[in-house]
Amino acid sequence: MTLARTTFFGRTREKERLAELLDSVPLVTLTGVGGVGKTRLAAELAGEFAGEVRWCELAALRSDDAVAPAVSSVLRRDDAEAAPATAVAEALEGSDVLLVLDNCEHVLEGAADLVDRVIPAVTDARIVATSREPLGVEGE
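145 is the number that the working numbering gives the last residue of the sequence shown; the numbers go up by one with no jumps.
And the structure:
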């Protein structure tokens with residue numbers, strides 16, 4: 006993910022609030038119409054995250070079933086013997102990783118299913134999702 010070459014202006018409060026939320030909840034979904042800046046806000050937050058950031062672009066996926074394997078691959082767990090959702094949970098457990106799921110609206114059910122499996126299994130998960138609509142999972 007490359008950041009835009011423009012100045013990030015006028016959204017500092019939102020970025021600070023997002024960072025605060027991630028200290029207390031495992032999932033924050035940035036929602037809004039296309040072009041409103043969801044991805045840019047997530048990228049700005051990721052750029053200041055103290056730990057490791059893993060960015061998973063979901064826009065090219067055409068199947069809900071492709072979400073968990075795609076995220077597993079981004080987390081370098083695509084060779085794991087476990088199911089992709091389990092491999093994702095294992096990769097996040099005990100690590101200081103921010104997982105960004107960008108453009109979830111294309112595979113909303115698959116993203117929601119993955120997040121719904123990972124969050125209960127990982128005590129310190131930090132996930133930011135961007136989507137035109139909420140994932141609809143508990144604690145979002």
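For glycine and all other residues, C-beta sits at the position ideal for the given N, C-alpha and C.
These figures come from a predicted structure and were not determined experimentally.
In this structure, R131 places its C-beta atom within 9 Å of the C-beta atom of V102.
With a 10 Å radius around the Cβ and a threshold of 16 neighbouring Cβ atoms, P31 comes out buried.
Remark: C-beta atoms of V112 and D69 approach each other more closely than 9 Å. Put simply, of V33, V58, V72 and R67 the residue whose alpha carbon is nearest the alpha carbon of T91 is V72.
Every unbroken stretch of the alpha helix (DSSP H) spanning 4 or more residues and falling wholly within the stretch 72–141 is given here in chain order: 72–79, 89–97 and 113–126.
In this structure D107 is buried. Its beta-carbon is surrounded by 16 or more other beta-carbon atoms within 10 angstroms. For E25, the enclosing alpha helix (DSSP H) stretches over residues T17 to L27. Short of 7 Å from the beta carbon of A47, and not among the five residues preceding or following it, lie these beta carbons of its own chain, in chain order: L35, V105, D107, V133 and T135. The beta carbon of L66 sits closer than 8 Å to the beta carbons of V72, A75, H111, V112 and G115 from its chain, once the five residues preceding and following it are set aside; these are given in chain order. In chain order, L63, A116, A134, T135, S136 and L140 place their CB closer than 7 Å to the CB of C109, counting only its own chain and leaving out the 5 sequence neighbours on each side. In the three-state DSSP reduction, R45 falls in the helix class (H, G or I). Considering only E138, E145, S100 and E49, the residue with the shortest C-alpha distance to D129 is S100.
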